[in-house]
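The structure appears right after this line, and notes come after that.
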DNA sequence: ATTGAGAGCCAC
DNA sequence: AAACGTGGCTCTCAAT
């Protein structure tokens, strides 16, 4: 009650005072008595705070109000011995103290409350007893504990296995730094290997990709992965991250199972798990992972079945995990010599460019939008060359408008291009090479809301052609890649059933030329490659899929907004099935708050029900785009799964995927028949109402591909 | 030194 | 007033 009254008092606004009086009060407060802590809190919370800081500060205040946390007396006075006001910095320091105390208490409680069915296995006899249990198991949970989170540098220090039927969750430490007894690492791995490699024992994991890579480093090939709770959750709620959540195990079980769980970082910080010397602590933490993963799997299974997506998970998402593992493990050889050469060339060019820029603009940082903006618009008044109301930005679009009026701007555009290439690609890529000499980019199956992959460390999906030259197939192998030709427009045709579009594809005619000729009533010859009508139609169809408005479309095509509006209106009039399909998607989204793509996969769009018109409008654009983009992603995934089977038969390796492109490593001795087999999988795995088309390339170096005919012709000439 | 936000730009 | 969907990386700048 007392605390509550204090809080209420603190919320009352102070009586208004003149500035001079306020200043005096402030000085007095500083000189004699510290300001009341409630006043300090009021000021702190009035500051602009990041979400993380606000959350931490709230925790600190709650702990202090409850009397569980107090200021360090040393922080209450300054050097002169005068009272010091409570600051945000001090509060955040207190948060760390609080975390540390809570951390120790949590670990103590975890150990004290370790369930009887958590087994710490440190003797041969106990391991044998456990292995006998596993003989009766059809499925197990597995999880490896490691020295750290780097897939390619860290190593296993212990194995977690849950025996599902027996309801035993075991931790087998092998490489902890401790005086306590542990079984020898190699002995344990040998014993577990047959179980890990037995595909008839179904495996359950959370982000099992990491564990599978780790086991692979030990010479163990995991088989029978049946459920991954991270990826299953992404099918249940693809918006987890968008709404401030995460797909970390601990966050999911806390949120969905109501089991309070703290993340590894919260409990152990940056320490590797091998540094946990108390094996009872290790057991309490590690075995719980197996325990909650199993509980989460059961929860997800029930809910996926309820919404009819269990089959989708099992047939599309789950088998894709093995493909990601194979692609990540394969990686790329990076041509470091070429990176050095290209880097040196770019740097030399940049020396001259920078000198030129300095002569135009003086000593400013050309990478700083703030400094450039001041120079261009405040000093040089270059905005006089921009259309009325055009934003005073320093992005490429704006710079291109300014370029004809100032030589320095042209130079800056070139500077931008070269520094981007150098900094983001040419110089950054060699740093990503791992101990095994390869680049292993990460393919993230839960990275996008539509079901596409995302990629990072490095992002293999946004490499410019200039940089792709640095990525080389492993020795003796080539990159055999297939690119779905016009994948998304084909899905548009498929879903809408619009005859002109469908027939153009069925008859192997060019979609954009055909539609342009129809819409504008012109002979097909005038709508060929490079014609403005074809370009307009192409941009227009993409605009339909992306929900582009008339203003942006006008900008893209260099026509007036009215012309763009007319074009869109004509397009819909001529192709009513397209219009009807889009309208249907939007009505569905507004009514149910989601849309569905191929195989029923959902894109939840709660904003479709928003009463804010702009918010709802944004959801409307996403509705149609998500169906097309997401369905295309499903086609790519299913194709990858089939290609992996082809790889097994041929002795090839899955290499990478960039949304509508899939690539494998094949020996450079591959034949035309091999290529035909590859193409058949691309074309036939998922058939639509329109035929698929794919462009095949063969290369030793990514982005320097040959067509099939070119490749075999040069081979013949050798 | 590290963190977080914003600007800008690479890909499909 | 907004009017192009899905991502990740690098740099600046201001904060601690």
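In full-length UniProt numbering, the protein residues as written are 1 to 718. The C-beta atom is built at its ideal place from N, Cα and C for all residues, glycine as well.
Counting every other CB atom within 10 Å of its CB across the protein chains shown gives residue 291 a total of 16 or more, marking it as buried. For residue 594, the enclosing beta strand (DSSP E) starts and ends at 594-596.
Judged by their CB atoms, residue 631 and residue 682 are not nearer to each other than the 8 Å cut-off. The three-state secondary structure of residue 484, taken from DSSP, is strand. Positions of the alpha helix (DSSP H) runs, each at least 4 residues long and wholly inside the segment 669-703, are given as 672-684 in order along the chain.
When the alpha-carbon of residue 433 is set against those of 506, 537, 330 and 520, the nearest one is in 330.
According to DSSP, residue pairing for residue 140 in a beta bridge involves 163 and 203. Rounded to the nearest whole angstrom, the CA to CA distance from residue 338 to residue 470 is 7 Å. Every alpha helix (DSSP H) of 4 residues or more that sits fully in the segment 376-429 is shown, in chain order, as 396-402 and 407-420.
DSSP lists 439 as the beta-bridge partner residues of residue 332. In the three-state DSSP reduction, residue 657 falls in the strand class (E or B). If you compare the alpha carbons of 496, 696, 121 and 82 with that of residue 675, the shortest gap goes to 696. Excluding sequence positions up to five before and after residue 53, its CB lies within less than 8 Å of the CB of 88 and 92, all in the same chain and listed in chain order.
Closest in alpha carbon position to residue 320, among 413, 542, 566 and 452, is 452. Under a 10 Å Cβ-count criterion, residue 392 is classified as exposed, with fewer than 16 other Cβ atoms of the shown protein chains found around its own Cβ. The segment 151-171 and the segment 90-108 do not touch, with fewer than 3 CB-CB distances between them shorter than 8 Å. For residue 472, the closest alpha carbon among the candidates 443, 439 and 562 is that of 439.
Between the segment 612-627 and the segment 547-558 there are three or more C-beta pairs closer than 8 Å, enough to call the two in contact.
Spatial neighbours of residue 212 in its own chain (CB-CB distance under 6 Å, excluding positions within 5 residues in sequence) are listed in chain order as 222 and 325. The shortest C-alpha to C-alpha distance from residue 442 to any of 354, 656 and 466 is the one to 656. As DSSP reads the structure, residue 228 sits in a beta bridge with 205.
The beta carbon of residue 383 sits closer than 6 Å to the beta carbons of 377 and 392 from its chain, once the five residues preceding and following it are set aside; these are given in chain order.
The alpha carbon of residue 551 has as its nearest neighbour, out of 538, 565, 456 and 542, the alpha carbon of 565. When C-alpha distances from residue 259 are compared across 232, 289, 529 and 237, the shortest belongs to 289. Distance from residue 522 to residue 421 at the Cβ level is roughly 41 Å; contact not present, criterion being Cβ atoms closer than 8 Å. Counting along the chain, the unbroken alpha helix (DSSP H) around residue 649 starts and ends at 613-650. The distance from the Cβ of residue 484 to that of residue 692 is about 7 Å, consistent with a contact at the 8 Å cut-off.
In the pairwise beta carbon analysis, the segment 226-242 is classified as not touching the segment 264-281: fewer than three pairs are separated by under 8 Å. The criterion of a C-beta distance shorter than 8 Å is not satisfied by residue 333 and residue 464. Straight across, the Cα-Cα distance linking residue 602 with residue 263 is about 29 Å. The secondary-structure analysis by DSSP pairs residue 457 with nothing; it has no beta-bridge partner.
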